[in-house]
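Asks: Counting the sequence shown from 1 gives a position; this note's numbering is that position plus 112. Cβ coordinates follow ideal geometry from the N, Cα and C atoms, glycine included. Dropping the structure in here first, questions after.
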Amino acid sequence: MPTLTPVRTGGALVDSFGRVATDLRVSLTDRCNLRCTYCMPAEGLSWLPQPELLTDEELVRLVRVAVSLGVTQVRLTGGEPLIRRGIVELVAQFAALDPRPQLALTTNGLGLDKLAAPLAAAGLDRVNVSLDTVDRAAFTALTRRDRLDDVVKGLAAAADAGLTPVKVNAVAMRGINVDSAPELLQWCLERGYELRFIEQMPLDAQHEWDRAAMVTQAELLERLSSRFALTPTAAQGRGSAPAQTWLVDGGPAVVGVIASVSAPFCGACDRVRLTADGQLRSCLFARTEDDLRTTMRAGASDEQLGAQMVRLMAAKKAGHGIDDPTFLQPDRPMSAIGG
Numbered sequence: 113m114p115t116l117t118p119v120r121t122g123g124a125l126v127d128s129f130g131r132v133a134t135d136l137r138v139s140l141t142d143r144c145n146l147r148c149t150y151c152m153p154a155e156g157l158s159w160l161p162q163p164e165l166l167t168d169e170e171l172v173r174l175v176r177v178a179v180s181l182g183v184t185q186v187r188l189t190g191g192e193p194l195i196r197r198g199i200v201e202l203v204a205q206f207a208a209l210d211p212r213p214q215l216a217l218t219t220n221g222l223g224l225d226k227l228a229a230p231l232a233a234a235g236l237d238r239v240n241v242s243l244d245t246v247d248r249a250a251f252t253a254l255t256r257r258d259r260l261d262d263v264v265k266g267l268a269a270a271a272d273a274g275l276t277p278v279k280v281n282a283v284a285m286r287g288i289n290v291d292s293a294p295e296l297l298q299w300c301l302e303r304g305y306e307l308r309f310i311e312q313m314p315l316d317a318q319h320e321w322d323r324a325a326m327v328t329q330a331e332l333l334e335r336l337s338s339r340f341a342l343t344p345t346a347a348q349g350r351g352s353a354p355a356q357t358w359l360v361d362g363g364p365a366v367v368g369v370i371a372s373v374s375a376p377f378c379g380a381c382d383r384v385r386l387t388a389d390g391q392l393r394s395c396l397f398a399r400t401e402d403d404l405r406t407t408m409r410a411g412a413s414d415e416q417l418g419a420q421m422v423r424l425m426a427a428k429k430a431g432h433g434i435d436d437p438t439f440l441q442p443d444r445p446m447s448a449i450g451g
């Protein structure tokens, strides 16, 4: 856990260490149309009941309150956000907020071939597509769905719609895709996509996480360096950005690694998360949440909702504590928390 010195500062979504939350991750649904083995069982999970999910109006209201408190970027996540009905209109309403936040989307890419252009027209700025492998057999085994072609079409549509830079997120997994990491990078380079490898984190509440088996940033860089010359970018001091980046063969193309475990960036974290059922979380690994949905449905004013957000962020811990012996995985699976 990082060593941070408590400070006193006023206004906005500020914690006791002086970190300011400007990046809101909004989960639109806990459901997904893939069944990735590292995320959920083949039969899926016990989905949230419909009455517990935030309505479009409630989502827009909470995002508006967060923007009034200094949030400048909103990332739509899930589950799989593209299966949320009316997502294009939701994006349009978020884009109409004043001040207007930057709008991003994290998706598995299914359906993106049809929605990329409408989402861009509605105001979406960028997209990240999760794709762990381009080997068809490995993709089908990992996701339990033979849908690789659909993801590939979605990526191309995002690029055509101007949702650039199109980023590809790949969770590094031993025995699945770490050996083929250079091939995945080559595939992305040929198509103009920016690849981001992600260290696997303890986010599947149904399985024990083995840190010793995790593929680290150092191992990934060693694998990639067997084929490419990697040079740290000028942005290596990344601030609150989750990925450290390297120029590939002198650039301009880059590859990134999000090393949340081996090189955590908690000390500069600027994120806060809103789940699909209206729970506010100050950290991906938080063991507690604040129930904005109940407060809102009880008739709270925007000022009261804002004050609740401020209180939660003020109590944010110094770090996620993955390497602490007392660390406990979140009770909720990743699909319920939101990426």
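Should Arg196 and Leu140 be called a contact, given that it needs their Cβ atoms to be closer than 7 Å?
Replies: In this structure, Leu140 lies closer than 7 Å to Arg196 by Cβ.
Asks: Can you give the Cα-Cα distance for Ile288 and Thr328, rounded to whole angstroms?
Replies: Taking the straight line from one Cα to the other gives about 14 Å.
Asks: Apart from the five residues just before and just after Tyr305, which ones in its own chain have a Cβ nearer than 6 Å to its Cβ?
Replies: So the qualifying residues of the chain are Val278 and Val280.
Asks: Classify Gln162: buried if its beta carbon has 16 or more other beta carbons within 10 angstroms, exposed otherwise.
Replies: Result: exposed.
Asks: Could you give the distance in angstroms between the alpha-carbon of Ala317 and the alpha-carbon of Cys151?
Replies: With a pLDDT of only 46 at Ala317, under the threshold of 50, the placement of this residue in the model should not be trusted; the figure read from the coordinates follows. Spanning the two alpha carbons is a distance of roughly 9 Å.
Asks: Could you tell me the alpha carbon to alpha carbon distance between Val366 and Ser338, rounded to whole angstroms?
Replies: Their Cα atoms are separated by approximately 16 Å.
Asks: Buried or exposed: which applies to Arg335, given that a residue is buried once 16 or more other Cβ atoms fall within 10 Å of its Cβ?
Replies: Burial call: buried.
Asks: Can you grab the Cα-Cα spacing for the pair Met425 / Arg248, in whole Å?
Replies: If I take the Cα positions, the gap works out to 43 Å.
Asks: Taking DSSP as the reference, what is the three-state secondary structure of Thr357?
Replies: Strand, per DSSP.
Asks: Let me check one thing: in DSSP terms, what residues is Lys265 bridge-paired to?
Replies: Per DSSP, none; premise fails for Lys265.
Asks: Give the straight-line distance between the Cα atoms of Ser374 and Trp358, rounded to the nearest whole angstrom.
Replies: Cα-Cα distance, rounded: 17 Å.
Asks: What do you reckon, are the CB atoms on Val203 and Ala229 nearer than 7 Å?
Replies: Their beta carbons are not under 7 Å apart, which means Val203 does not touch Ala229 by this criterion.
Asks: Whole-angstrom Cβ separation of Val175 and Leu209, contact assumed at under 8 Å?
Replies: That pair is a contact at about 7 Å.
Asks: With H, G and I counted as helix, E and B as strand and the rest as coil, what does DSSP make of Leu307?
Replies: The answer is strand: DSSP assigns Leu307 an E or B state.
Asks: What are the residues that DSSP puts in a beta bridge with Ser242?
Replies: Paired residues: Asn281.
Asks: In the stretch 124-153, which residue ranges form an unbroken beta strand (DSSP E) of at least 3 residues, counting only runs that do not cross its ends?
Replies: For the stretch 124-153, whole beta strand (DSSP E) runs of length 3 or above, ordered along the chain, are 135-139.
Asks: Going by DSSP in three states, Gly368 sits in which element: helix, strand or coil?
Replies: DSSP places Gly368 in strand when its eight states are reduced to three.
Asks: Have a look at the DSSP bridge pairing and note the partners of Phe393.
Replies: Just to set this straight, residue 393 is Arg in the shown sequence, not Phe. DSSP output for Arg393 lists Arg385 as bridge partner(s).
Asks: Let's see if you can read the secondary structure: which residues bound the beta strand (DSSP E) around Arg286?
Replies: Unbroken run through Arg286: none, as it is neither H nor E.
Asks: From Ile370 to Glu311, what does the alpha carbon distance come to, in whole angstroms?
Replies: Near 6 Å, if we compare the C-alpha coordinates of Glu311 and Ile370.
Asks: Would you report the Cα separation of Leu275 and Gln185, rounded to the nearest angstrom?
Replies: Cα to Cα, the separation comes out at about 15 Å.
Asks: Do Ala154 and Arg143 come within 7 Å of each other at the CB atom, strictly closer than that value?
Replies: No, the pair does not count as a contact, with Cβ atoms beyond the cut-off.
Asks: Would you tell me roughly how many angstroms separate the C-alpha atoms of Gly266 and Val138, rounded to the nearest one?
Replies: In a straight line, the C-alpha of Gly266 is about 21 Å away from that of Val138.
Asks: What is the DSSP secondary structure of Thr121, reduced to helix, strand or coil?
Replies: Low confidence applies here, because Thr121 scores a pLDDT of 35, under 50, leaving its location unreliable and the question unanswered by this model.
Asks: Got a sec? Which residues, its chain only, sit under 7 Å from Thr400 by beta carbon, not counting five neighbours each side?
Replies: Answer for Thr400: no residue qualifies.
Asks: Pick from Ser394, Leu307 and Leu254: whose alpha carbon is nearest that of Gln356?
Replies: The candidate whose alpha carbon is nearest that of Gln356 is Leu307.
Asks: How far does the alpha helix (DSSP H) with Thr407 in it reach, from first residue to last?
Replies: First-last of the alpha helix (DSSP H) with Thr407: Leu404 to Arg409.
Asks: Taking C-alpha atoms, which residue in Asp127, Asn145 and Ile199 lies nearest to Leu217?
Replies: Measuring from the Cα of Leu217, the nearest candidate turns out to be Ile199.
Asks: Hey, how far is the Cα of Lys428 from the Cα of Pro376?
Replies: So the alpha carbons of these two residues sit roughly 16 Å apart.
Asks: Quick check on this structure: which residue in Gly221, Leu171 and Gly363 has the alpha carbon closest to the alpha carbon of Glu192?
Replies: Looking at the Cα atoms, Gly221 is the closest of the given residues.
Asks: DSSP three-state call for Val183: helix, strand or coil?
Replies: Here Val183 sits in coil by DSSP.
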